[in-house]
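Participant: Here's a structure for you.
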Ligand code: IPE
Ligand code: IPE
Ligand code: MG
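Okay, here's the thing in C-alpha cells:
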C-alpha cells in the first residue's frame, strides 16, 4: 500500500516534494482584469496546467494533483459550467497523446457519475492508456469535494463489512484505503493561486500535515518560475510532524516511527 498517514507514521521528507496539490484559482479575475469574459481565463489556465506538469516532471515531483472543478462549482452560471465541461473534454483529447509520450500517468478523481457518458468514457480511456507510465502521476480532481471523498470512503468501509459479515474496522489505515487517492502519499506541498487563503473543500483528510503556500498570482500566470518559488519556500520549512526541532537533528523518521511503535 502506498498510502501512509502522517498522523500515524512520520513520512520521509525530501528536498523536492513528492506530491504537490494545487488549487488553480484566479482564472476569472485574470480575465476580468483584461476586460475579457471569465471563460477566457479558463482557456488560458490550460496553458498553465501544461507548463506546471512539465516543470513538475522536470523537478522530479512524483505526484501532481490539480483541483479542476469542485463539487460546489455546479453553483456557477450554467454557461460557465458547460464551457468548463467542454474545455475539459478538448484538453483531455488534445493532451493525452503528449502526456503518454512523456511518461505521465493520468488519474481523474471525484464523483464522475455526474458527468455525461462521453466524458466518463474519455476519462476511462485516458487512464487506461497511461496506466503503466511511471514518471509522474497527474491527478485531476473533477467534481471532487473533500467531504464527498470522506463520505464515499466511509460508505465503502461499511459496505465491505456488510458483505463479509465482519464488524466495520474503524482505523486510519482501513479508512484511507478507500479514499479516492489511496494510490498516492499525502501531499507534501499545497499551493493555492489567486490570493484566497482557504481550502475550499479540497483534500480535507490528506492535508493533515501538508505545507501550505499561497500566492496572489492568478492561475493563468502560474509557470515554472512560480513553481520553483513555491518549492523554494517548501525547502525552507521544518516539517516536525509533532516532534521538536531538537529531535529532528538527532532522529531519522524511521527511528521516530520505531519509538512510537514500541510505546
Ligand atoms: C478557478 O478560477 C477555476 C475554477 C474554479 C474552475 P476561478 O474561476 O475560480 O477564478 P476566480 O476565483 O473567479 O478569479
Ligand atoms: C476552488 O476554487 C475550486 C477549484 C479551483 C476547482 P473556487 O474559486 O471555486 O473556490 P471558492 O468558491 O472561491 O472558495
Ligand atoms: Mg475562484
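In UniProt numbering, the protein residues as written are 1 to 263. Glycine is no exception: its CB is placed at the ideal position from the N, C-alpha and C atoms. On a predicted model such as this, the values are computed, not experimentally measured, just so you know.
#1: What is the rounded straight-line gap between the Cα of residue 231 and the Cα of residue 45?
#2: Less than 6 Å separating the Cβ of residue 20 from some heavy atom of ligand 2?
#3: In terms of alpha-carbon separation, which member of 212, 139, 118, 117 lies closest to residue 127?
#4: Hey, how far is the Cα of residue 135 from the Cα of residue 19?
#5: Which of the three DSSP states is assigned to residue 62 in this structure?
#6: So is the beta-carbon of residue 216 under 6 Å away from any non-hydrogen atom of ligand 3?
#7: Strictly by DSSP, which residues pair up with residue 23?
#8: Can the beta-carbon of residue 209 be found less than 7 Å from the beta-carbon of residue 175?
#9: Name, in chain order, the residues that DSSP records as bridge partners for residue 144.
#10: Would you check if the stretch 144-155 and the stretch 202-217 touch, i.e. whether three or more CB-CB distances between them fall below 8 Å?
#11: Assuming contact is defined by CB atoms lying nearer than 7 Å, are residue 41 and residue 167 in contact in what I supplied?
#12: Is it right to say residue 227 is buried, meaning 16 or more other beta carbons lie within 10 angstroms of its own, or is it exposed?
#13: Taking only runs of the alpha helix (DSSP H) that begin and end inside the stretch 106-147, which ones reach a length of at least 4 residues, in chain order?
#14: Report whether the distance from the Cβ of residue 79 to the nearest heavy atom of ligand 3 is below 6 Å.
#15: For residue 120, which residues in the same chain have their Cβ closer than 6 Å to its Cβ, ignoring the five residues on either side in sequence?
Facilitator: From the atom records:
#1: 20 Å
#2: Relative to ligand 2, residue 20 has its C-beta separated by 6 Å or more from all heavy atoms.
#3: Ranking 212, 139, 118, 117 by Cα distance to residue 127 puts 139 first.
#4: 13 Å
#5: Three-state result, residue 62: coil.
#6: Outside the cutoff, so no.
#7: Bridge partners of residue 23: 67, 192.
#8: no
#9: According to DSSP, residue 144 bridges with 70.
#10: yes
#11: no
#12: buried
#13: 117-130
#14: no
#15: 112, listed in sequence order.
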